[in-house]
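If you count the sequence shown from 1, position 33 lands on 33 in full-length UniProt numbering, and the numbers rise without skipping. Report on the following structure.
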Amino acid sequence: MIQDADHIYPIPANLPAIAAAEKLLETGVNFQVQVLNAASRLQIESFDFLMRRYQQQVRLVGDLVGSAGSNDALDVIGDFVRVARIDYASEASNILMIGSKLASQAAHRMREEARTTLEDSAARTVA
Numbered sequence: 001m002i003q004d005a006d007h008i009y010p011i012p013a014n015l016p017a018i019a020a021a022e023k024l025l026e027t028g029v030n031f032q033v034q035v036l037n038a039a040s041r042l043q044i045e046s047f048d049f050l051m052r053r054y055q056q057q058v059r060l061v062g063d064l065v066g067s068a069g070s071n072d073a074l075d076v077i078g079d080f081v082r083v084a085r086i087d088y089a090s091e092a093s094n095i096l097m098i099g100s101k102l103a104s105q106a107a108h109r110m111r112e113e114a115r116t117t118l119e120d121s122a123a124r125t126v127a
């Protein structure tokens, strides 16, 4: 249906090109919604990670100040680096999982759209 401020104009059912264009636009909008959802998930995940790392760095400074009397600064830095490597690796894994889910959902949606388009074409050919 095409709508402006005052009227609603129905799309004629006997014009397959218009119906196909409407379906294509709807599919494009749905894909954009999926991309925006994935982008927001990535941003939220990245922000959480950066906040955790910032807190770890603040804790590192506190630990270094606290270790000044006992000369354990090398151990404190070593622990910090070890934890940071693990955090960065797990965060990279999380981001790759989000990307993988997005790709899987997009492929599934594309298969569904292709199947629906073929079924619609077949139904129009029969009719």
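Note that beta-carbon positions come from the ideal geometry of N, C-alpha and C, so glycine has one too.
* **Cα-Cα separation between residue 20 and residue 33, rounded to whole angstroms** => Mapped onto the sequence shown, residue 20 falls at position 20. Mapped onto the sequence shown, residue 33 falls at position 33. If I take the Cα positions, the gap works out to 20 angstroms.
* What are the boundary residues of the alpha helix (DSSP H) that includes residue 69? -> By 1-based counting over the sequence shown, the position of residue 69 is 69. First-last for residue 69: undefined, no H or E at that position.
* Going straight from the alpha carbon of residue 58 to that of residue 70, what length do you get? -> Counting from one through the sequence shown, the residue named residue 58 turns up at place 58. Counting from one through the sequence shown, the residue named residue 70 turns up at place 70. Those two C-alpha atoms are separated by around 20 angstroms.
* Three CB pairs or more closer than 8 angstroms across the region 36–47 and the region 63–77 -> Taking a cut-off of 8 angstroms on C-beta distances, the region 36–47 does not touch the region 63–77, as fewer than three cross pairs fall below it.
* To do: May I have the straight-line CA-CA distance separating residue 101 from residue 72, to the nearest angstrom?
  => By one-based count along the sequence shown, residue 101 stands at place 101. By one-based count along the sequence shown, residue 72 stands at place 72. Answer to the nearest angstrom: the Cα atoms are 44 angstroms apart.
* Asked: Given residue 84, which residues of its chain have a CB within under 8 angstroms of its CB, disregarding the five upstream and five downstream residues?
  -> Within the sequence shown, the letter at position 84 stands for residue 84. The residues are 53 and 56.
* To do: Compute the distance between the beta-carbons of residue 23 and residue 120, then report whether it is under 9 angstroms.
  => Numbered from 1 along the sequence shown, position 23 holds the residue referred to as residue 23. Numbered from 1 along the sequence shown, position 120 holds the residue referred to as residue 120. Yes; because the gap between Cβ atoms is below 9 angstroms, this pair is in contact.
* To do: Give the straight-line distance between the Cα atoms of residue 79 and residue 105, rounded to the nearest whole angstrom.
  => Within the sequence shown, numbered from 1, the residue matching residue 79 stands at position 79. Within the sequence shown, numbered from 1, the residue matching residue 105 stands at position 105. The alpha-carbon atoms of residue 79 and residue 105 are separated by roughly 39 angstroms.
* **Proximity to residue 27 [Cα-Cα], best of 39, 108, 8 and 125** => For this step, residue 27 is matched to residue 27 along the sequence shown. Ranking 39, 108, 8 and 125 by Cα distance to residue 27 puts 108 first.
* Give the single residue among 91, 110, 103 and 126 whose Cα lies nearest to the Cα of residue 51. => The residue given as residue 51 occupies position 51 in the sequence shown. If we check each option's Cα against that of residue 51, 91 comes out closest.
* Asked: Whose C-beta lies closer than 8 angstroms to the C-beta of residue 35 among residues of the same chain, with five residues either side of it excluded?
  -> Sequence index remark: in the sequence shown, residue 35 carries index 35 (1-based). So the list reads 102, once near-sequence residues are dropped.
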